[in-house]
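Structure, as structure tokens:
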Amino acid sequence: MVLLKKGAEASLYLETWHNRKVIMKRRLPKKYRIPELDLMIRSQRTMHEPHLIHNAKEAGVPTPTIFMVDVADANIIMEFVEGKQVKEVLDNVSAEERLSLCSLIGEMIGRLHKHGIIHGDLTTSNMILTPYGKVVFVDFGLSERSVEIEPKGVDLHLMKRTLQSSHYKHAKECFKAVMSGYAESVGTEEAKKVTAKIRDIEKRGRYVADRE
Amino acid sequence: MPANNSAESYCLGIESTADDFGAAVVSFEGKVLSNANDTYMPKQGGIHPREAARHHAEVSEKVLAEAFEKASVKPKDINLVAFSQGPGLGPCLRTGATAARALASYLDVPLVGVNHCVGHIEIGKLVTGATDPVTLYVSGGNTIVSAFEAGRYRIFGETLDIAMGNCLDVFARAVGLQQRRGAPFGAVVEELARKGKNFVSLPYVVKGMDLSFSGLLTAAVQAFQLKKGSLEDVCFSLQEVAFSMLTEVTERALAHTQKPEVLLTGGVAANKKLQSMLQVIADEHGARFCAVPLKLATDNGAMIAWAGILAYGSGLSTPVEKSFVNVKWRLEDVYAPWVEGR
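Note that the protein sequences, when read in sequence, are chains A and B. Just remember that my numbering sits 1 ahead of the position in the first sequence, which is counted from 1. Just remember that my numbering sits 1 ahead of the position in the second sequence, which is counted from 1.
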């Protein structure tokens, strides 16, 4: 069992399960809360996440296949998606490929939102580009269901910030491509509303020059 | 009592955000020379803003006199007047602001408006020696997880509806508990919770980094009414659920920022159970856990004075014509240049 990522709430392990390379997502007990409550929280989240991963598939967005959900132990065993994190790929492809990749990502985010799924953690490390040119969305641990504009704006705002911090050389054109792909899924009207909301969210805090 | 060294500079801090009217004298070196206070106690129900403001106006003279007397500092020796400018209840804030403006102009000294939440964090750092903490500020009116990042105290998580302390107060009133001077509702609930044994399932609501307590409040009151457990059991369960929520969000902020300390402040900071839960996560992340002592964790004038001194020290002051109170003043709207300089 190889530890891939240790988070505040769950850890990811690489494992072999029935001759398959799988990801095991474990939600470990927290010592500060009483066992009854701890088990309730961990099992609820262990059920919630595969639900949303499944909903995303129904919306037409590639997500890992779920092999087993062990509610009692708060473990999820799912497909290890072969490919590369978009984070590693984005700065190392041609300009043309980069834009079409971003547009595809935007289209997928649009499908999620259109079906009332808010991913909650849209960073380029949570998207995997497969050798077949698909983008698989992973980590639905912070996902929720909503059809309101605000959480959609927050979702895409995080995407924008990730591009600005991890892919600053191409952030501007990349996000533009994301939003054009997004508009293809949700329609121009809705995309305009969400874009306005993102601007709204940006103005709320942080280091916005025109506020000073 | 501290000797009055006339070479020293002093700040008078006035706090009147909610039910407390506080006045304190603090030296520019950070010595709290006095910390006078009078709390509005409603005969029944919660804080009525107008009644609380009336209380503040009535006690202000007495509390101010006490602050000067205990500090052995005369009004004419004051070099700066600080007041809480927000966030809080409008009528209450205005009462304190009026007193502060009048004193500053009478004494002919600068006036500085202080953000109430900044005051809590700064006095907490001063008294515990914390340098750069993740702060959990939990009181009757606020529930905020914050840490300093690029010039401001950023909010990592906060309540989406009512504050933690508000949840405990309303619950306590709804189930017929009484508070006493020195034993607010939170302490009464904590006392009962210690005798609770059986866990009653209640909604646990963490959304990303934010928290929600209103559903928990309703469910806890119903659990008592429907006799799903004894009052002790419900108090126990309410505390367990609410404090686990707070601890989870604080832990996430700690894991993300890797700060060296966890600072607990606000009226709910007195709760031993909450303290012990935060101690666990602080230990796990190699951080020092600091709980602010009650006298300086609840609303007080000293925190306003100290935050005023810090702001004034980095060249900030508030001219009278810009000293309007700001009832919804967000913590992260405050530019805090003094933090990085120290």
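Even glycine gets a Cβ: it sits at the ideal position worked out from N, Cα and C.
Bridge-paired residues (DSSP) for residue i
i	result
A83 of chain B	B:G14 and B:V113
W18 of chain A	A:R21
Q86 of chain A	A:I129
E341 of chain B	Beta-bridge pairing links E341 of chain B to no other residue.
A37 of chain B	B:A24
N76 of chain A	A:R27 and A:D71
P88 of chain B	Per DSSP, none; premise fails for P88 of chain B.
T160 of chain B	B:L212
R155 of chain B	B:A148
P134 of chain B	B:E262
F138 of chain A	A:M128
R146 of chain A	A:I118
C291 of chain B	B:L264
Residue-level contact to chain A via CB, residue i, 8 angstroms cutoff
i	result
Y205 of chain B	yes
V190 of chain B	no
I282 of chain B	yes
F84 of chain B	no
A101 of chain B	no
A256 of chain B	yes
Residue i: contacting residues in chain A (beta-carbon distance under 7 angstroms)
i	result
M278 of chain B	Y33
G209 of chain B	G121 and L143
Nearest-angstrom Cβ-Cβ length linking residue i and residue j, presumed shorter than 8 angstroms
i	j	result
I15 of chain B	A105 of chain B	In fact, because the Cβ distance is near 10 angstroms, the residues do not count as touching under 8 angstroms.
T136 of chain B	L264 of chain B	4 angstroms
I163 of chain B	F214 of chain B	5 angstroms
L279 of chain B	F290 of chain B	6 angstroms
L123 of chain A	L159 of chain A	5 angstroms
R27 of chain A	S12 of chain A	5 angstroms
E108 of chain A	E185 of chain A	5 angstroms
A283 of chain B	C236 of chain B	Contact flag wrong, Cβ pair sits at about 25 angstroms.
H116 of chain A	A60 of chain A	4 angstroms
I42 of chain A	Y336 of chain B	Not confirmed; about 38 angstroms, so no contact.
V293 of chain B	T129 of chain B	6 angstroms
L239 of chain B	F172 of chain B	6 angstroms
L94 of chain B	V321 of chain B	Contact doesn't hold; Cβ gap of about 15 angstroms is too wide.
Beta-carbon gap between residue i and residue j smaller than 8 angstroms
i	j	result
H120 of chain A	K153 of chain A	no
I122 of chain B	S147 of chain B	yes
L275 of chain B	C118 of chain B	no
L131 of chain A	V94 of chain A	Here residue 131 of chain A is Thr; the residue named in the question, Leu, does not match the sequence. No, the Cβ-Cβ distance between T131 of chain A and V94 of chain A is not below 8 angstroms.
H53 of chain A	I118 of chain A	One point to set straight first is that residue 53 of chain A is Leu, not His, in the sequence displayed. Against a cut-off of 8 angstroms, the Cβ pair of I118 of chain A and L53 of chain A comes out as a contact.
W339 of chain B	A303 of chain B	no
G23 of chain B	T319 of chain B	no
P50 of chain B	L13 of chain B	no
F200 of chain B	L40 of chain A	no
W330 of chain B	G120 of chain B	no
V26 of chain B	A72 of chain B	yes
G158 of chain B	A254 of chain B	yes
T125 of chain A	H168 of chain A	yes
V139 of chain A	P65 of chain A	yes
I48 of chain B	D20 of chain B	yes
Y183 of chain A	G134 of chain A	no
Cutoff 8 angstroms: residue i Cβ touching any chain B Cβ
i	result
A9 of chain A	yes
E203 of chain A	no
E98 of chain A	no
E217 of chain A	Chain A is shown from 2 up to 213; residue 217 of chain A falls before or after that span and cannot be answered.
D211 of chain A	Bear in mind that the predicted position of D211 of chain A carries a pLDDT of just 43, short of 50, making it too unreliable to give a figure here.
A73 of chain A	no
Amino acids of chain B, ordered along the chain, whose beta-carbon sits closer than 9 angstroms to that of residue i
i	result
I42 of chain A	Y205, V207, S245 and E249
Neighbouring residues, chain A, relative to residue i (Cβ below 9 angstroms)
i	result
R289 of chain B	What R289 of chain B touches in chain A: nothing, since even the nearest Cβ is about 17 angstroms away.
Listed by chain order, chain A residues near residue i by CB distance under 8 angstroms
i	result
F200 of chain B	I35, E37 and L38
R253 of chain B	A9 and E10
Inset, instruction - Give, in chain order, every residue of the region 228–243 of chain B whose Cβ lies closer than 8 angstroms to some Cβ of chain D. - result: No chain D is part of this structure, whose protein chains are labelled A and B.
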